[in-house]
Amino acid sequence: MAEAAPGIESHKSIDYRVWDHGPQPSGFTVTDNGADGGLEVSGTCPACHGWTVTPWPYGAVGSKGVLGSLLGRGAPAPTRPAGRRTVYCECGHLHPNRPETAWDYGCGAFWTVELPS
Ligand SMILES: [Zn+2]
Ligand SMILES: [Zn+2]
Numbered sequence: 032m033a034e035a036a037p038g039i040e041s042h043k044s045i046d047y048r049v050w051d052h053g054p055q056p057s058g059f060t061v062t063d064n065g066a067d068g069g070l071e072v073s074g075t076c077p078a079c080h081g082w083t084v085t086p087w088p089y090g091a092v093g094s095k096g097v098l099g100s101l102l103g104r105g106a107p108a109p110t111r112p113a114g115r116r117t118v119y120c121e122c123g124h125l126h127p128n129r130p131e132t133a134w135d136y137g138c139g140a141f142w143t144v145e146l147p148s
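Residue numbers (my numbering): 32 to 148.
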């Protein structure tokens, strides 16, 4: 009956720290929700072990941009991001010593994930 998010029990309340964890070849799932939903990168943060989901919008956002108007009428085909992208921890926990200027909702760790093309 309990609906615990995966990995939430092993979350570590480590101090906030901007920390490059490099490429993560496995353990991350990339979900493609189409041009409206965008991509979603989910997995367990290598630093605090929290469950992190990073939305990656594309399509709707790009078609409204300056590039869209430069290309003339009609929405341009949405470009799905591919290749190696940087993902920040978004575990949603308030880590100790998190600076007020921090914009992410995680422990400060970041790493790269290979998006399928
Ligand atoms: Zn965390
Ligand atoms: Zn984290």
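Note that the Cβ used here is the ideal one computed from N, Cα and C, for glycine as well. In this text the structure is predicted, and so the values were computed from the model without any measurement.
Residues near residue i by beta carbon distance below 7 Å, same chain, minus five either side
| i | result |
| --- | --- |
| residue 77 | 52, 55, 140, 142 |
| residue 45 | 78, 79, 126, 138 |
Proximal residues to residue i (C-beta, below 6 Å), its chain only, five neighbours per side dropped
| i | result |
| --- | --- |
| residue 120 | 76, 83, 137, 138, 140 |
Spatial neighbours of residue i in its chain, beta-carbon cut-off 8 Å, leaving aside the 5 residues before and after
| i | result |
| --- | --- |
| residue 59 | 72, 73, 74, 118, 144 |
| residue 130 | 47 |
Rounded separation between residue i and residue j - CA only
| i | j | result |
| --- | --- | --- |
| residue 135 | residue 42 | 17 Å |
| residue 133 | residue 63 | 28 Å |
| residue 57 | residue 88 | 22 Å |
| residue 70 | residue 86 | 6 Å |
Residues bridged to residue i (per DSSP)
| i | result |
| --- | --- |
| residue 143 | 54, 117 |
| residue 81 | Answer is none; residue 81 lacks a bridge partner. |
Bounding residues of the alpha helix (DSSP H) (the contiguous stretch that carries residue i)
| i | result |
| --- | --- |
| residue 68 | 65-68 |
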